[in-house]
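**Student:**
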Amino acid sequence: MFRVSVLTQRSFSISALHRSSYNHVARKTLSDINQLYKSGEPISMVTSHDFITSKMLEKADIDINLIGDSLANTTLGYEDTNELTFDEFIYHVKSVQRANASSLLVADMPFGTFEASPEQAVGSAIKLVQQGKIQAVKIEGGNEEIIPTIKKLISVGIPVMGHVGLTPQKHNALGGYKLQGKNAQNAVQIFQECLNLQRAGVFAIVLECIPNKLSQFITEKLSVPTIGI
């Protein structure tokens, strides 16, 4: 039988005392993230999908707690992220939020929740903000088709984090989970997407599975934080 140690019980208790206002810790904001970026300080971002992991991130003083749709693979056992339903995702977002009172909470926009129209995206994001109590959303892609959606979200007061390079929701179109930006044409395309996202007003951009030299070039050319995964 699995036994929880006294130390674990103390560390992850959800008692009334633990949740009292006397232990209140101010949550990080976009202003805090921007200040770290301007001062040249590293910005930490870690993914969590459950209460215990999220509590660990709070105790480690992680700047950004990302609730990723990767929970489809890593937690729920699906073959890819596109199988994840919105209700399943929100359930986990709530769990993460209840554990972490200090990190900036950013939630993915799962496949099928934003592609149809900017209005669909706003409706989905509002649900995440209201029910999941997040502070921002992350959307995959930076082509011209997705930019109006990102601008619409920002216009209604929902901050957006961009995501370029390997975008798992589009793995079928990409031919699998492969390194992106290997040739000049693809590298230029990724850089252009970053510029599109920056002009649209994203507060940061995730660079996934692209060459180090391309990541460095993009980071040097942009005026928003980049986060490599």
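Counted the way the numbering used here counts, the sequence shown spans residues 790 to 1018. Glycine included, C-beta positions come from ideal geometry on N, C-alpha and C.
#1: Rounded to whole angstroms, what's the CA-CA distance from Glu982 to Ala849? Just pull it up for me.
#2: Have a look at Ile841 and Asn862 and give me their C-alpha separation to the nearest angstrom.
#3: Using CA coordinates, which residue listed in Ala993, Glu997 and Gln1005 is at the minimum distance from Leu825?
#4: Out of Ala962, Pro1014 and Leu819, state which residue places its alpha-carbon closest to the alpha-carbon of Ser891.
#5: Taking DSSP as the reference, what is the three-state secondary structure of Ile947?
#6: With DSSP as the reference, label Glu934 as helix, strand or coil.
#7: In its own chain, which residues sit with a C-beta less than 8 Å from the C-beta of Ile879, not counting the 5 before and 5 after it?
#8: Please report the Cβ distance between Ala925 and Val949, rounded to the nearest whole angstrom; I am assuming they are in contact, meaning their Cβ atoms lie under 8 Å.
#9: Going by Cα to Cα distance, which pick from Ser944, Leu996 and Ile943 is closest to Leu968?
#10: State the DSSP-derived secondary structure class of Ile879, mapped to helix, strand or coil.
#11: By the 10 Å Cβ neighbour count, where 16 or more other Cβ atoms means buried, how is Glu934 classified, buried or exposed?
#12: Quick test of your reading: Thr870 and Phe900, contact by CB under 8 Å. State the CB separation rounded to the nearest angstrom.
#13: Between the C-alpha atoms of Tyr811 and Leu1011, what's the straight-line distance to the nearest angstrom?
#14: The alpha helix (DSSP H) that contains Lys967, what's its start and end?
#15: Given a threshold of 16 other Cβ atoms within 10 Å of its Cβ, counted over all protein chains shown, does Asp876 qualify as buried or as exposed?
#16: May I have a chain-ordered list of the alpha helix (DSSP H) segments no shorter than 4 residues that lie completely inside the stretch 818-905?
#17: By Cβ distance, which residues of its chain are closer than 6 Å to Ser833, with the 5 residues on each side in sequence left out?
#18: With a Cβ-Cβ cutoff of 8 Å, do Val885 and Ser843 count as a contact?
**Tutor:** Taking the coordinates as given:
#1: 33 Å
#2: If I take the Cα positions, the gap works out to 18 Å.
#3: Ala993
#4: Leu819
#5: If DSSP states are grouped into helix, strand and coil, Ile947 belongs with coil.
#6: coil
#7: Lys916, Leu917, Gln920 and Gly921
#8: 7 Å
#9: Leu996
#10: helix
#11: Under this definition Glu934 is an exposed residue.
#12: 6 Å
#13: With a pLDDT of only 43 at Tyr811, under 50, the local geometry of the prediction cannot be trusted, and no value is derived from it.
#14: Careful: Lys967 lies outside any alpha helix (DSSP H) and carries neither H nor E.
#15: Exposed, since its Cβ has fewer than 16 Cβ neighbours within 10 Å.
#16: 819-828, 840-848, 860-863 and 875-888
#17: Leaving aside the five residues that flank Ser833 on each side, the residues in its chain whose CB is nearer than 6 Å to its CB run, in chain order, Ile851 and Asp852.
#18: yes
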